[in-house]
Structures are given as C-alpha cells and as structure tokens.
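Only one structure is covered here, and it is reproduced in the block below.
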Amino acid sequence: MSDTLRPTTPAPAATAAPAPDGPPPAAPLLDVQGLRVEFRTRDGVARAVNGVSYQVHPGETLAVLGESGSGKSVTAQAVMGILDTPPGKVTGGRVLFHGRDLLTLPEDERRRLRGARMAMVFQDALSALNPVMTVGDQLAEMFTVHRGASRRDARARAVELMDRVRIPAARERARDYPHQFSGGMRQRIMIAMAIALEPELLIADEPTTALDVTVQAQVMDLLAELRRDLGTALVLITHDLGVVAEVADRIAVMYAGRIVETAPVHALYERPAHPYTRGLLDSVPRLDRRDGELYAIQGMPPSLTRVPPGCAFHPRCPRAREVCRTEEPPSHPVADGRASACHFWKETLDDLR
Amino acid sequence: MPDTRDPAADPDDARSPYGNPHEAVAPTGGGGALDLAAGEAGTLGAPERPRSLWSDARHQLARDPVFLLSALLIAFLLFIAAWPGALASGDPLSCDLALSQEGSRPGAPFGYDTQGCDVFTRTVYGARASITVGVCATLGTALLGGVLGALAGFFGGWWDALLSRLADVFFGIPVILGGLVLLSVVTSSTVWPVVGFIVLLGWPQVARIARGAVLATAQADYVQAARALGAGRGRTLLRHVAPNAVAPVIVVATIALGTYIALEATLSFLGVGLRPPTVSWGIDISNAAPQIRNAPHMLLWPAGALSLTVLAFILLGDAVRDALDPKLR
Numbered sequence: 278m279s280d281t282l283r284p285t286t287p288a289p290a291a292t293a294a295p296a297p298d299g300p301p302p303a304a305p306l307l308d309v310q311g312l313r314v315e316f317r318t319r320d321g322v323a324r325a326v327n328g329v330s331y332q333v334h335p336g337e338t339l340a341v342l343g344e345s346g347s348g349k350s351v352t353a354q355a356v357m358g359i360l361d362t363p364p365g366k367v368t369g370g371r372v373l374f375h376g377r378d379l380l381t382l383p384e385d386e387r388r389r390l391r392g393a394r395m396a397m398v399f400q401d402a403l404s405a406l407n408p409v410m411t412v413g414d415q416l417a418e419m420f421t422v423h424r425g426a427s428r429r430d431a432r433a434r435a436v437e438l439m440d441r442v443r444i445p446a447a448r449e450r451a452r453d454y455p456h457q458f459s460g461g462m463r464q465r466i467m468i469a470m471a472i473a474l475e476p477e478l479l480i481a482d483e484p485t486t487a488l489d490v491t492v493q494a495q496v497m498d499l500l501a502e503l504r505r506d507l508g509t510a511l512v513l514i515t516h517d518l519g520v521v522a523e524v525a526d527r528i529a530v531m532y533a534g535r536i537v538e539t540a541p542v543h544a545l546y547e548r549p550a551h552p553y554t555r556g557l558l559d560s561v562p563r564l565d566r567r568d569g570e571l572y573a574i575q576g577m578p579p580s581l582t583r584v585p586p587g588c589a590f591h592p593r594c595p596r597a598r599e600v601c602r603t604e605e606p607p608s609h610p611v612a613d614g615r616a617s618a619c620h621f622w623k624e625t626l627d628d629l630r
Numbered sequence: 002m003p004d005t006r007d008p009a010a011d012p013d014d015a016r017s018p019y020g021n022p023h024e025a026v027a028p029t030g031g032g033g034a035l036d037l038a039a040g041e042a043g044t045l046g047a048p049e050r051p052r053s054l055w056s057d058a059r060h061q062l063a064r065d066p067v068f069l070l071s072a073l074l075i076a077f078l079l080f081i082a083a084w085p086g087a088l089a090s091g092d093p094l095s096c097d098l099a100l101s102q103e104g105s106r107p108g109a110p111f112g113y114d115t116q117g118c119d120v121f122t123r124t125v126y127g128a129r130a131s132i133t134v135g136v137c138a139t140l141g142t143a144l145l146g147g148v149l150g151a152l153a154g155f156f157g158g159w160w161d162a163l164l165s166r167l168a169d170v171f172f173g174i175p176v177i178l179g180g181l182v183l184l185s186v187v188t189s190s191t192v193w194p195v196v197g198f199i200v201l202l203g204w205p206q207v208a209r210i211a212r213g214a215v216l217a218t219a220q221a222d223y224v225q226a227a228r229a230l231g232a233g234r235g236r237t238l239l240r241h242v243a244p245n246a247v248a249p250v251i252v253v254a255t256i257a258l259g260t261y262i263a264l265e266a267t268l269s270f271l272g273v274g275l276r277p278p279t280v281s282w283g284i285d286i287s288n289a290a291p292q293i294r295n296a297p298h299m300l301l302w303p304a305g306a307l308s309l310t311v312l313a314f315i316l317l318g319d320a321v322r323d324a325l326d327p328k329l330r
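Line by line, the protein sequences are chains A and B. Start counting at 1 in the first sequence, then tack on 277, and there's your number in the working numbering. Start counting at 1 in the second sequence, then tack on 1, and there's your number in the working numbering.
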C-alpha cells in the first residue's frame, strides 16, 4: 500500500467519503465509554482493555489501529457482546448504541441487535464460515432467522447478496461450500453475510489481513462502496497503515488496552501527537528513502498481566521522563476532534518529521 | 494501492475476475476472455465440483477394500437377520433328542446340538438377536451419549460438571459384574433389558467423545461469527456446532457396535443376557462349551459366526474412521 502508486489509481473511497476533517455530526451511533475488559488467566488477571472510549457517528469510518495484543479485537468483541465469558469479563464502562447501554441489555434483546443492526466481519473468512453448510444456506439463514423469511425467499435474497458482492454465477455458486471459494471470494461472502440486513454499524476485524495485496484492494473497495451505498458506519480494526489512509475518516490508536491518540486521518498522518503513533508512522517503509535502516519501535509490547505503571508506553518511548513512570497521562484535547494521552503531546506535535 | 481495474492482475481470483467495482461484472456479459472463463467455471464446473467432508468420505470409502468387504458381510448379516427363513428352512426350536450331537449330514450341514436342534438353523436365526442388540444399543448410546455430551460441552458450567461426574460413575461400573447383578433380576426374555443395560453403561464413552468434539468446535471462528450475526444458543448448537462435531461420534459408535454384539454374547453365555427361547449365539456357545471334546461342531459354528460379525463391524468402524478423520490422511 505505497503512497507512490496512489496517483495512478484515484481512490474513490477517499473522495466520496464525507469531508474527513469536518466536525462530526452531533449524536454518535456508537459511544464506548471507559470500557474495561479483563481475562482471568493462570498467570493472573490480564487487563486487555483499560478504559477505552470512542465514538462512531452514522456513516463514519473509524479505524482502530494497534499492534497485536493491544486490545483492538477484544474491544470489538465486547461491543458486539461475543466475548468468551469466562475467561473474559467486562469490568467497567458503557457501550451506548443509539444512546442505549448494550451492557445492561438482556441477552435476548442484544442478540436481536446482532446481525440486524450491528454486524461483524472476521479476519479469516475460511474459518469464519461454517464448513458443512453451503454459503447459500448460511446467507439465507440471516433472512429466515432475523426476518422470518420463507426458505425460497431467503434463498433468492442470498443469491441477490452474492451478486451484490460480485460472486460470479451466484445462483450456481450458492450451492458450494466455503472451501470451494478463493480467499477473496470467501471474504466477500463474509461481508455479504454481515451486510445482509443492512446494519447501521459494521465492525471489520482485520478484514484483509489473510488476503494477498491485490485481493485486499478489492475487499477494501467493496467495503467502501457498500458503506457509501448503505450509509453504514464502519469500525475498521487493522494494523495496516496503508488501508487506514485509504478508507478511514478518523483513527484511534490503541496501545496496551488504551486509546493513546484519536484524530482525523489526515491530521494524524501529518502531525502525530503521541510518540507511539509517531513510531508507527516512522516504521512504514518508504520507497523514496532507500538509504538507512528501517525504523522500528524498540522493545516489545507489554504483557497485559503486567502493564507498566504510569504511561504504559514509557519503557519504549524515546521521550519518556520521570513523570511518565509514575503518572498515567490523561487524554489531552489537542484540537477539535483530536486527543492524545501523552504528557508531552505538545512537544511531539511540534516535532518536525 | 495496486491497480484494481485490471482483471489480469488478480491471480487469486482467476476463476472469477473481480473487475472494476463500479462496473457490474455479469458472468455472461462478455467483458473479456477471463469473464467468459469465469462463467464457464461456474456453470460447467460440475465434474470438477470440489467435495464436502461427507462426499469426500463417501469417495474414499468406495475405494477402500476393507470397507467393501465388511459392508458386504454386514449386508449379508442384515439380510439373514431380517429373513432367516430365506436361508434356513427349518425351525430353530423344533428339536429331536434322537439326533443329539449328531454330526454333519445332508439337510443339516452343521450337525445337531445336545438337544438335537439343527446347528445351521440356530446359527442363522442367532444373527437376528445379535444384530438387533448391536444396532439398538449403538443407536441408544449414540443418541443418549451424543446429546448429553454435546449439552455438557456446549453449555459448560455446573451442568457440565454434573454430567461429567455422572458419566464417570457409570464408566466405573464393571461391565460383567454390573451385568450379573443388574440383569439377574430381570425375567423378560426379550432383547430390551440387554439393550438397556448396554446403553446404561455405554453412553459415557460416547458422551466424552461428543463433549470433547463440541468443546473444540465451539471455539471455531464460525461459531463466534454465527453469534456475531445474531444466532441464538440453540441455533448455534444445532446448525453450526453439532454438524461439525458429529464425525467422531459416528466413528466411536460404529466401532462400538461390534463390541456390543460381543458383549451381548458374553452376557448370554453367562446366563444373564438373552434367555431361551430367544435364539442367541451366546446361549448356544454356552451350551456347547462343556461338550467341546465330544462335539466341537456345536461350538465352532456359532462362535465362528459371532467372531465374523464382530470383526465385520470393527473393520467397518475402522474404515469409517479413516474416511472421516482428516488427521489420518
């Protein structure tokens, strides 16, 4: 996903999306407030999510960026209500969907929201599709279960959906099993299932990680197009900075179970306000600078059973001072719609890249 | 971003060029050579149609000589169990003491037993009891053990703990001693007490396998995906977990069938299984055992039939396991 190729292919997603830097609309669709999730393991309590807050507005795309183990997927699972409990447990916070707290909702009511009004796309579509059901049956199930459609009706809708995500010869291929499709097609079928009932919120958990680069582009384009057509809000969980730049409106950067920086996508790329974000951006290989070594953030992400005191990033931070070891930085408002959880956000922001 | 508008740039989806997202790709639209190829692959793909787990297993079984041999034998056994009269014209219960322990002769190829009954007729009629007990006990254990094990694995918690300990209790009952104690109080001469006893002691074995299979399957991504798309607990278990966890249960049940038949014969031999006038290989073996020096034919034919039957079912179970367990390929 190099920037140097972009001029030859104008990205339709970026131009058609709502003005990325404009102020977000007033009422958020999804409002996560101070979410905390713990896992009880043999080595002690792993605090996977430590007070995550973010908002997603209708039709907006929020990219949640972070390393493996930073709590991105666990946050998504907690929002969807599909966390494995035990060992996982939501220990605090609220998840407001249309202003209603999902965490206090009865399970049955919550289940009815899933799939119909909020849906999820998984990383590896092969393992996320039932191997013993034909894809047509799996798609049709969405309509029979949630909408009470007849089998014949549901079947027709399933074929329609497969057409919509551009599976060639959809009518015939609806009778095929997941393993009979290529990786890209499987992910498109997974997306078709997620958008079947036109949910208002779609959470995509690293939807392109298991795919090769050319197919990644198709899947992202498809997501962007569906989002535009249906007005779906998208939470895109990824560690791929290239994908983010292409489709996101805003970015939330996660580290050790916290959101360390949120910003509109272009503002963040231009001037990161957190040393961790800075490190991530600097470690992207650049074709225009072939000399010198590739930058890497030194050290390893912390174990979630022993998150460092103070700022969790301080052992790896080039800017760490004494205060970082003792005081957990609060979320400082940097600008309109921007925040950074760093004691030295001003200095970081003013750094010249 | 690589150019997404060139279908040739997509080696992964060679069967189905994705084309440009802003132009509808109709398979018959003839947008290019590759588009046509995709249309053909979709419609003419029938002979090359890749297979599901089950049709794959069917194909493997059809080429497995062990399976074919055991299936042939079992088909024959099922046939004589259903219509013993087609093979043996006599009545297994009409005996003539004057013919006691007589050897082979025309009309009675296997000779006569101590009571003067035709061994051939009794051996043929004995298949019915063995097959009935084997099949009914297997269905019973598979259903009871499968359902309880699946519920334990899927719902977990105290329900799992209770069922698992209950299974341990029944698993701990010694089969022969348990049979002697429990079945000696039964007076019925039908096969049902024996079937019930085998189910009672056999379900924990199936339940453990089913529980393990369900536990493993419930971790699968597609189960989480089903939940994420709003499937309820019952639907998740029935539609997404159970069909993916049933293969090991089928394998265990098929292999157990043979051992259940042997168990029925053992219990009948000990006098607590089937009772006369039911014709059973176990009873005949028991009656013939003391006379093994004088008239070995009385023992050999029913014992041989029993061994062959058990062998056929165990071989079938092995073949089914080879076909259904992808780890053995």
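Cβ coordinates follow ideal geometry from the N, Cα and C atoms, glycine included.
Partners in chain B for residue i, counting only beta-carbon separations shorter than 8 Å
| i | result |
| --- | --- |
| residue 359/A | 225, 228, 229 |
| residue 404/A | 221, 222, 223 |
Partner residues on chain A for residue i, Cβ-Cβ distance less than 7 Å
| i | result |
| --- | --- |
| residue 241/B | 407 |
| residue 244/B | 409 |
Continuous beta strand (DSSP E) stretch holding residue i: start and end
| i | result |
| --- | --- |
| residue 365/A | 365-374 |
| residue 409/A | Residue 409/A -> no beta strand (DSSP E), and no H or E assigned at all. |
| residue 306/A | No beta strand (DSSP E) holds residue 306/A; DSSP gives it neither H nor E. |
| residue 498/A | Where residue 498/A is concerned, there is no enclosing beta strand (DSSP E), although the alpha helix (DSSP H) it sits in stretches over 490-507. |
| residue 327/A | 321-333 |
| residue 66/B | First-last for residue 66/B: 66-83, but that is the alpha helix (DSSP H), not the beta strand (DSSP E). |
| residue 238/B | Unbroken run through residue 238/B: none, as it is neither H nor E. |
Alpha carbon of residue i to alpha carbon of residue j, nearest angstrom
| i | j | result |
| --- | --- | --- |
| residue 421/A | residue 182/B | 53 Å |
| residue 113/B | residue 299/B | 7 Å |
| residue 331/A | residue 551/A | 17 Å |
| residue 203/B | residue 142/B | 6 Å |
| residue 586/A | residue 257/B | 58 Å |
| residue 309/A | residue 529/A | 12 Å |
| residue 136/B | residue 277/B | 21 Å |
| residue 81/B | residue 207/B | 29 Å |
| residue 616/A | residue 622/A | 9 Å |
| residue 22/B | residue 416/A | Any reading at residue 22/B needs caution, since the residue's pLDDT is 40, under 50, leaving its predicted position unreliable; the model's value is listed next. Approximately 21 Å between the Cα atoms of the pair. |
| residue 175/B | residue 470/A | 51 Å |
| residue 1/B | residue 195/B | No information on residue 1/B is available, as it lies outside the stretch 2 to 330 that chain B covers here. |
| residue 198/B | residue 168/B | 15 Å |
| residue 349/A | residue 364/A | 17 Å |
| residue 177/B | residue 263/B | 12 Å |
| residue 520/A | residue 497/A | 8 Å |
| residue 179/B | residue 200/B | 13 Å |
| residue 147/B | residue 250/B | 7 Å |
Partners in chain A for residue i, counting only beta-carbon separations shorter than 9 Å
| i | result |
| --- | --- |
| residue 232/B | 388, 391, 392, 418, 422 |
| residue 236/B | 418, 422 |
Neighbour flag for residue i against chain A, beta carbons, 8 Å
| i | result |
| --- | --- |
| residue 212/B | no |
| residue 222/B | yes |
Interface residues of chain B facing residue i [CB-CB closer than 9 Å]
| i | result |
| --- | --- |
| residue 396/A | 229, 230, 231 |
Limits of the unbroken alpha helix (DSSP H) element including residue i
| i | result |
| --- | --- |
| residue 386/A | 384-390 |
| residue 479/A | Where residue 479/A is concerned, there is no enclosing alpha helix (DSSP H), although the beta strand (DSSP E) it sits in stretches over 478-482. |
| residue 341/A | Here residue 341/A belongs to no alpha helix (DSSP H); instead the beta strand (DSSP E) covers 338-342. |
Within-8 Å CB hit, residue i to chain B
| i | result |
| --- | --- |
| residue 401/A | yes |
| residue 427/A | no |
Original post:
Of the residues that make up the region 466-486 of chain A, which ones have a beta carbon closer than 9 Å to any beta carbon in chain B?
Top reply: For the region 466-486 of chain A, which is checked against every Cβ of chain B, the residues closer than 9 Å are 467, 470, 471, 473, 474, 480.
Original post:
Relative to chain B, which residues along the region 344-374 of chain A have a C-beta separation below 7 Å, given in chain order?
Top reply: Against chain B - using a Cβ distance shorter than 7 Å - the residues of the region 344-374 of chain A are 357, 359.
Subject >> the region 315-334 of chain A: positions lying closer than 9 Å to chain B by Cβ >> reply: Here the close residues number zero.
**OP:** Check distances from the C-beta atoms of the region 583-604 of chain A to those of chain B and list, in chain order, the residues that come in under 8 Å.
**Re:** Taken residue by residue, none of the region 583-604 of chain A has a beta-carbon sitting less than 8 Å from a beta-carbon on chain B.
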